[in-house]
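Structure first, commentary second.
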Amino acid sequence: MVILFSIVANLCFGWAIVYLVCSVFSALKVGRRHYQPLIFLEFQPHRARGPWELSRAKLMMRLRLLAILSVLIGIASLTGYVFFS
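3 is the number of the first residue of the sequence shown in my numbering; add one for each residue after it.
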């Protein structure tokens, strides 16, 4: 059981890191089109231009929600890991 909690916590925190990396690369790419350093579409979806950026904004908002949920699950499984070990 302790090993399962450890694996789940690592996967959840790993997903959050993957989301952060994807978010920064997306912000850099969109920022180049808007002539600004960074534009995070998941926080400013109204700034999206065209269908590609609109779909990217929707995708990044979903990924943000999944990252928040995975961090919460990761904290819960880490707490379970500490409690049961």
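Virtual Cβ for every residue (Gly too), placed ideally from N, Cα, C. Predicted, not measured: the structure shown is a model, and the values here were computed from it.
Buried or exposed by the 16-neighbour rule on C-beta atoms within 10 Å, applied to residue i
i	result
tyrosine 43	Inspection of the sequence shows that residue 43 is occupied by leucine rather than by tyrosine. Per the 10 Å Cβ criterion, buried.
valine 32	buried
isoleucine 77	exposed
serine 57	exposed
Contact belief for residue i with residue j at Cβ below 8 Å, rounded distance in angstroms
i	j	result
arginine 35	arginine 49	Arginine 35 to arginine 49, Cβ: 10 Å. No contact.
valine 4	isoleucine 75	Their Cβ separation, rounded to whole angstroms, is 16 Å, which puts valine 4 and isoleucine 75 out of contact at 8 Å.
serine 79	cysteine 14	7 Å
glycine 82	phenylalanine 7	5 Å
methionine 63	proline 53	Not a contact, Cβ separation roughly 16 Å.
* Asked: Do the segment 61-75 and the segment 6-24 touch if we need at least three Cβ pairs shorter than 8 Å?
  -> These segments touch.
* **Every unbroken beta strand (DSSP E) within the segment 53-86, with a cutoff of 3 residues, ordered by chain** => Counting only runs of 3 or more residues that sit fully inside the segment 53-86, no beta strand (DSSP E) segment turns up.
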